[in-house]
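Protein chains: 2
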Amino acid sequence: MVQTGMKKAITLRDIARETGVHVSTVSRALDARTQASLTAEVVERVRATAERMGYRPNRLASGLRTNRTMTVGLVIPDITNAVFPLIVRGIESVLEPLGYASIIVNTDNLSEREHRLVDLLQERGVDGVIHAAATRNDPKIVEMAARGIPMVTVNRSIEHSDIPAVVSDDARGVQMMLQYLYDQGHRRIAHLSGPAQSSTGQARRQAFVEAAQALGLELPQAAIVESARYEEDEGRRAALRLLDSGWPFTAILCANDRLALGAIAVLRARGLDCPADVSVTGFNDMPLLDLILPRLTTIRIQQFEVGKASAEILVRIMTETTPRIPRETVLPVFLVERDSVAPPRAASRRAC
Amino acid sequence: MVQTGMKKAITLRDIARETGVHVSTVSRALDARTQASLTAEVVERVRATAERMGYRPNRLASGLRTNRTMTVGLVIPDITNAVFPLIVRGIESVLEPLGYASIIVNTDNLSEREHRLVDLLQERGVDGVIHAAATRNDPKIVEMAARGIPMVTVNRSIEHSDIPAVVSDDARGVQMMLQYLYDQGHRRIAHLSGPAQSSTGQARRQAFVEAAQALGLELPQAAIVESARYEEDEGRRAALRLLDSGWPFTAILCANDRLALGAIAVLRARGLDCPADVSVTGFNDMPLLDLILPRLTTIRIQQFEVGKASAEILVRIMTETTPRIPRETVLPVFLVERDSVAPPRAASRRAC
DNA sequence: GAGGCTCGTGCAAACGATTGCGCAACTCTT
DNA sequence: AAGAGTTGCGCAATCGTTTGCACGAGCCTC
Chain F
1 MVQTGMKKAI TLRDIARETG VHVSTVSRAL DARTQASLTA EVVERVRATA ERMGYRPNRL
61 ASGLRTNRTM TVGLVIPDIT NAVFPLIVRG IESVLEPLGY ASIIVNTDNL SEREHRLVDL
121 LQERGVDGVI HAAATRNDPK IVEMAARGIP MVTVNRSIEH SDIPAVVSDD ARGVQMMLQY
181 LYDQGHRRIA HLSGPAQSST GQARRQAFVE AAQALGLELP QAAIVESARY EEDEGRRAAL
241 RLLDSGWPFT AILCANDRLA LGAIAVLRAR GLDCPADVSV TGFNDMPLLD LILPRLTTIR
301 IQQFEVGKAS AEILVRIMTE TTPRIPRETV LPVFLVERDS VAPPRAASRR AC
Chain R
1001 MVQTGMKKAI TLRDIARETG VHVSTVSRAL DARTQASLTA EVVERVRATA ERMGYRPNRL
1061 ASGLRTNRTM TVGLVIPDIT NAVFPLIVRG IESVLEPLGY ASIIVNTDNL SEREHRLVDL
1121 LQERGVDGVI HAAATRNDPK IVEMAARGIP MVTVNRSIEH SDIPAVVSDD ARGVQMMLQY
1181 LYDQGHRRIA HLSGPAQSST GQARRQAFVE AAQALGLELP QAAIVESARY EEDEGRRAAL
1241 RLLDSGWPFT AILCANDRLA LGAIAVLRAR GLDCPADVSV TGFNDMPLLD LILPRLTTIR
1301 IQQFEVGKAS AEILVRIMTE TTPRIPRETV LPVFLVERDS VAPPRAASRR AC
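Note that the protein sequences, when read in sequence, are chains F and R. The first sequence maps to residues 1 to 352 in the numbering used here. The second sequence maps to residues 1001 to 1352 in the numbering used here.
1. Taking just the CA atoms, how far does R/Leu1120 sit from F/Thr332?
2. Relative to the alpha-carbon of F/Ala207, which residue among F/Tyr230, F/Arg187, F/Gln179, F/Asp233 has its alpha-carbon at the smallest distance?
3. Buried or exposed: which applies to F/Ser37, given that a residue is buried once 16 or more other Cβ atoms fall within 10 Å of its Cβ?
4. Measuring only the C-alpha atoms, how far is R/Val1166 from R/Ile1325?
5. With a cut-off of 8 Å on the beta carbons, I'd call F/Pro150 and F/Leu253 a contact; round off their distance for me.
6. Let me check one thing: in DSSP terms, what residues is F/Thr298 bridge-paired to?
7. Going along the chain, which unbroken runs of the beta strand (DSSP E) with 3 or more residues stay wholly within the stretch 1072-1152 of chain R?
8. Report the three-state DSSP secondary structure of R/Thr1319 (helix, strand or coil).
9. Would you list, in sequence order, the uninterrupted alpha helix (DSSP H) runs of no fewer than 4 residues that lie entirely inside the stretch 1215-1297 of chain R?
10. Using DSSP bridges, identify the partner residues of R/Ile1398.
11. In the DSSP assignment, what are the bridge partners of R/Glu1328?
12. Less than 6 Å between C-beta atoms, sequence neighbours within five positions excluded: which residues of the same chain meet that for R/Leu1242?
13. Have a look at R/Thr1049 and F/Arg68 and give me their C-alpha separation to the nearest angstrom.
14. In angstroms with no decimal places, state the Cα-to-Cα distance between R/Arg1338 and R/Arg1295.
15. Please check the pair R/Ala1265 and R/Arg1236, which I expect to be a contact at CB under 8 Å, by giving their CB distance rounded to whole angstroms.
16. So which residues on chain F does R/Thr1069 lean against when the C-beta distance must stay under 9 Å?
17. Between the stretch 299-310 of chain F and the stretch 267-287 of chain F, do three or more beta carbon pairs fall short of 8 Å?
18. Do F/Ile317 and F/Val152 come within 9 Å of each other at the CB atom, strictly closer than that value?
19. Check the Cβ of R/Glu1092 against every Cβ in chain F and list those closer than 7 Å, keeping chain order.
20. Should F/Gly262 be labelled buried (16 or more other beta-carbon atoms within 10 Å of its own) or exposed?
21. Is it buried or exposed for F/Pro139, if we count other Cβ within 10 angstroms and need 16 for buried?
22. Under the rule that 16 or more other beta-carbon atoms within 10 Å means buried, what is F/Lys308, buried or exposed?
23. Report all residues from its chain with a CB closer than 6 Å to the CB of F/Thr329; omit the five preceding and five following residues, and keep chain order.
24. Quick one: any contact between the stretch 1027-1042 of chain R and the stretch 28-47 of chain F, if contact means 3 or more CB pairs under 8 Å?
25. Taking the beta carbon of R/Met1070 as the centre, do at least 16 other beta carbons fall within 10 Å, making it buried, or is it exposed?
26. Inspect the CB distances between the stretch 1070-1082 of chain R and the stretch 1125-1133 of chain R and report whether three or more fall short of 8 Å.
27. If you measure between the beta carbons of F/Ala342 and F/Pro275, is that distance less than 9 Å?
28. Taking the continuous alpha helix (DSSP H) assigned at F/Leu38, which residues delimit it?
29. Below 7 Å on C-beta distance, what does R/Pro1085 contact in chain F?
30. Using the three-state DSSP reduction, which class does F/Ser198 fall into: helix, strand or coil?
31. Could you compute how far the alpha carbon of R/Leu1267 sits from the alpha carbon of R/Asp1233?
32. Relative to the C-alpha of F/Leu288, which candidate in R/Asn1081, R/Arg1017, R/Glu1018 has its C-alpha closest?
33. Cα separation between R/Asp1170 and F/Glu92?
34. What are the boundary residues of the alpha helix (DSSP H) that includes F/Ile370?
35. R/Leu1259 touches chain F at which residues, Cβ-Cβ below 8 Å?
36. For R/Val1174, which of helix, strand or coil comes out of DSSP?
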């Protein structure tokens, strides 16, 4: 790279030369924690010339010396998945005012990629990591935490570890939704579950089974169909399996909005209307969902708040000497009632 | 922070001690560019023990020495805006395989925030910056480029500067869409323009005016309404202004999908159907758009490709000694025909 | 008035990697 | 076989900041 015009940055040394004090004095004058040990006059003189010369600290140098880079890593599966940008902004809302920068990496749920990216973060000396990747257990992450890197997981917990987790109350969400369908008169309710290796997939499925049993609902084998990914085409595939099973369900509780959208598309293709013939519910309340017809009844998760809470916890771990952090922080969820649920038809609703 | 279990990382010195060579030899053995000056035996021995000990280079140290951090900054307005995640993934698709990490910052189009964040990037010694923030001219950014930091802008150009830009062929997109509406029989076509301070807003508006004149269309003052932001509620506000102007338009060409969605909502509220009463078109073809009814006819922009191209250019600027980069790289756009356009009604279409 | 404070500042050694330079130990040439 | 050239590696300075320690000056105390 030919940097012809590259004028080099102002350093402590430059300020020292300019003010006639030693570089260490400049350093102390610019650090709020140490400037008490200097005379107010020197502090002010240094501060003023630093300002005048446009001094910007070199974080590489200070990080090298102190092992603190004011940089954190965000490990997420895929930023194009609409729930993550909100989480990211929530995280940023607390980190950025404190001066932290975030390196965001996308794992695509590929553990090989995740390993490489975790290395990439470590090489850059991140002060902490917020981990939102979905796979359930990952030795690399546990190892990183064991190395002493402050870490928080969001939307999932790592089993057999004491890494703090921030999660939404998935179980309560599923239970609320099932109760809601029950109250509308539904008795044969299917579940399109998420991937088993994602912790949300597993948690929601288990909550579904438990809530269904608590309500005394019929729950044949065919009632639960698992998807491989949280995507529309998986929703379609799973809904087809469900339809072809022959079980006369009247509603589908989906583990995720995108699965629900896929399911509704399949129903429509088979000549079934949602909600007239089959009620369908989602989970997450992703952005723009309220513009898609039928407007999906779903469980709203506070993505931004989840991100915010996880960042607050990470900051505590990074800065407090003996933080007492709960193993799990669970945030409430809300049922948002829209148009995709109606009472079941009295007559047989299976058209074809 | 109390790092009790923090076992410190392996350094070149550790490997040197282990293999019995000097630390500089280790450094050379591990660098592909310099290992030619060593015997194959030493290189292999160093490489093997580095591998065995799990050596990870300290990028802070190497960055301090070399002024290259293998980190780039991505300046975007808001990651929750659906077009940006795709751009980010496009950028990553070229940067990540090369070993670069990305620090992503959201400016919210606030220049005060942008200044702070640009400083944050500089302090961390990023090797380059991809700048996708929307405001048209920003002295801070020009100053940064002048300082010699490699930079590329996406979706916009900086006036009076030679910073390379990657843009979509907005003008052609507008022209294609207007021609399409014309071919469907529309003659009185309104334009919901984007914010004037965004370069896309300005470019699309200008293209609209030119294309309309070329087609000999009637173009009264009221035909163009400007929005303050690319958001649904601005689309609603602008559409209301348009309706209230009394001009008997038969179609609205919107500068952006979200504006179009807002406009359609207002039409619906006024008892007008899209496309039966008024045709509406979007721009961008954002994710999930095809699920929203009526399915919006729009111009597809290759977000991923835009990101990819900008990253490729940035890499060239960062690594080549005398790169010849075109001032502007323009990527083609495509008209995607869906359901929000129909021929105009012969009769008066103004219901209320 | 001498010894022991505190207070403000300078000194120099880190942090880990890179790299120009120098110096042995070779190989080749004549 | 001696000089010249080459090859392979070590030495030490450097990047910019931080921080334990030392040191001189002033002050107080007995």
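Beta carbons are placed, not taken as given, at the ideal position from N, Cα and C, and that holds for glycine.
Let's see:
1. Start at 1 with the first residue of the first sequence, and residue 332 of chain F comes out as number 332. Start at 1 with the first residue of the second sequence, and residue 1120 of chain R comes out as number 120. The displayed chain sequence assigns Pro, not Thr, to residue 332 of chain F. If you take the alpha carbons of F/Pro332 and R/Leu1120, they lie about 34 Å apart.
2. The count along the first sequence starts at 1 and reaches residue 207 of chain F at position 207. Measuring from the Cα of F/Ala207, the nearest candidate turns out to be F/Gln179.
3. Taking the first residue of the first sequence as position 1, residue 37 of chain F is located at position 37. Classified as exposed, F/Ser37 has fewer than 16 neighbouring CB atoms from the shown chains inside 10 Å of its CB.
4. The residue given as residue 1166 of chain R occupies position 166 in the second sequence. The residue given as residue 1325 of chain R occupies position 325 in the second sequence. Between R/Val1166 and R/Ile1325, the C-alpha separation is close to 11 Å.
5. Within the first sequence, the letter at position 150 stands for residue 150 of chain F. Within the first sequence, the letter at position 253 stands for residue 253 of chain F. F/Pro150 to F/Leu253, Cβ: 37 Å. No contact.
6. For the purposes of this step, residue 298 of chain F is taken as the residue at position 298 of the first sequence. According to DSSP, F/Thr298 bridges with F/Val336.
7. 1101-1106, 1128-1131
8. Residue 1319 of chain R sits at position 319 when you count from the first residue of the second sequence. Correct three-state label for R/Thr1319: helix.
9. 1232-1245, 1257-1269
10. Nothing can be reported for residue 1398 of chain R, as the shown portion of chain R is limited to 1001 through 1352.
11. Here residue 1328 of chain R corresponds to residue number 328 of the second sequence, with the count starting at 1. BP columns for R/Glu1328 point to R/Ala1165.
12. Along the second sequence, read from residue 1 onward, the residue named residue 1242 of chain R stands at position 242. Only Ala1190, Val1225 meet the Cβ criterion.
13. Against the second sequence, residue 1049 of chain R aligns to sequence position 49. Against the first sequence, residue 68 of chain F aligns to sequence position 68. Each residue's alpha carbon lies about 28 Å from the other.
14. The residue given as residue 1338 of chain R occupies position 338 in the second sequence. The residue given as residue 1295 of chain R occupies position 295 in the second sequence. Rounded to whole angstroms, R/Arg1338 to R/Arg1295 spans 6 Å at the Cα level.
15. Walking along the second sequence from the start, residue 1265 of chain R turns up at place 265. Walking along the second sequence from the start, residue 1236 of chain R turns up at place 236. Beta-carbon to beta-carbon, R/Ala1265 and R/Arg1236 are separated by about 6 Å, close enough to satisfy the 8 Å threshold.
16. Looking up residue 1069 of chain R in the second sequence gives position 69. Ordered by position in chain F, the residues that pass the 9 Å Cβ test against R/Thr1069 are Leu60, Arg124.
17. yes
18. The count along the first sequence starts at 1 and reaches residue 152 of chain F at position 152. The count along the first sequence starts at 1 and reaches residue 317 of chain F at position 317. Contact: yes.
19. Taking the first residue of the second sequence as 1, we reach residue 1092 of chain R at position 92. By Cβ distance, chain F contributes Asn106.
20. The residue labelled residue 262 of chain F in the question sits at position 262 within the first sequence. By the 10 Å Cβ count, F/Gly262 comes out buried.
21. Position 139 of the first sequence, counted from the start, is the residue given in the question as residue 139 of chain F. Exposed, because fewer than 16 other Cβ atoms sit within 10 Å of the Cβ of F/Pro139.
22. The residue you call residue 308 of chain F lines up with position 308 of the first sequence. With 16 or more neighbouring CB atoms inside 10 Å of its own CB, F/Lys308 falls in the buried class.
23. Here residue 329 of chain F is taken as the residue at index 329 of the first sequence, counted from 1. So the qualifying residues of the chain are Val166, Ala309.
24. no
25. On the second sequence, residue 1070 of chain R is found 70 positions in, with the first residue counted as 1. Answer is buried; the Cβ neighbour count reaches 16.
26. yes
27. The residue given as residue 342 of chain F occupies position 342 in the first sequence. The residue given as residue 275 of chain F occupies position 275 in the first sequence. Result yes, Cβ atoms of F/Ala342 and F/Pro275 sit closer than 9 Å.
28. Reading the first sequence from its first residue, position 38 is the one you call residue 38 of chain F. Element bounds for F/Leu38: n/a, residue is neither H nor E.
29. Taking the second sequence and counting its residues from 1, the one referred to as residue 1085 of chain R is at position 85. Per Cβ cutoff of 7 Å: Ile79, Thr80, Pro85.
30. For the purposes of this step, residue 198 of chain F is taken as the residue at position 198 of the first sequence. In this structure, F/Ser198 counts as strand in the three-state DSSP scheme.
31. For the purposes of this step, residue 1267 of chain R is identified with residue 267 of the second sequence, where counting begins at 1. For the purposes of this step, residue 1233 of chain R is identified with residue 233 of the second sequence, where counting begins at 1. The straight-line gap from Cα to Cα measures roughly 13 Å.
32. The residue labelled residue 288 of chain F in the question sits at position 288 within the first sequence. When only C-alpha atoms are compared, the closest one is R/Asn1081.
33. Residue mapping note: residue 1170 of chain R aligns to position 170 of the second sequence, counting from 1. Residue mapping note: residue 92 of chain F aligns to position 92 of the first sequence, counting from 1. Straight-line Cα distance between these residues: approximately 32 Å.
34. What the structure shows of chain F is the stretch from 1 to 352, and residue 370 of chain F is not part of that stretch, so it cannot be assessed.
35. Residue mapping note: residue 1259 of chain R aligns to position 259 of the second sequence, counting from 1. Going along chain F, no residue has its Cβ under 8 Å from R/Leu1259, so there is no contact; the nearest lies around 13 Å.
36. Here residue 1174 of chain R corresponds to residue number 174 of the second sequence, with the count starting at 1. Here R/Val1174 sits in helix by DSSP.
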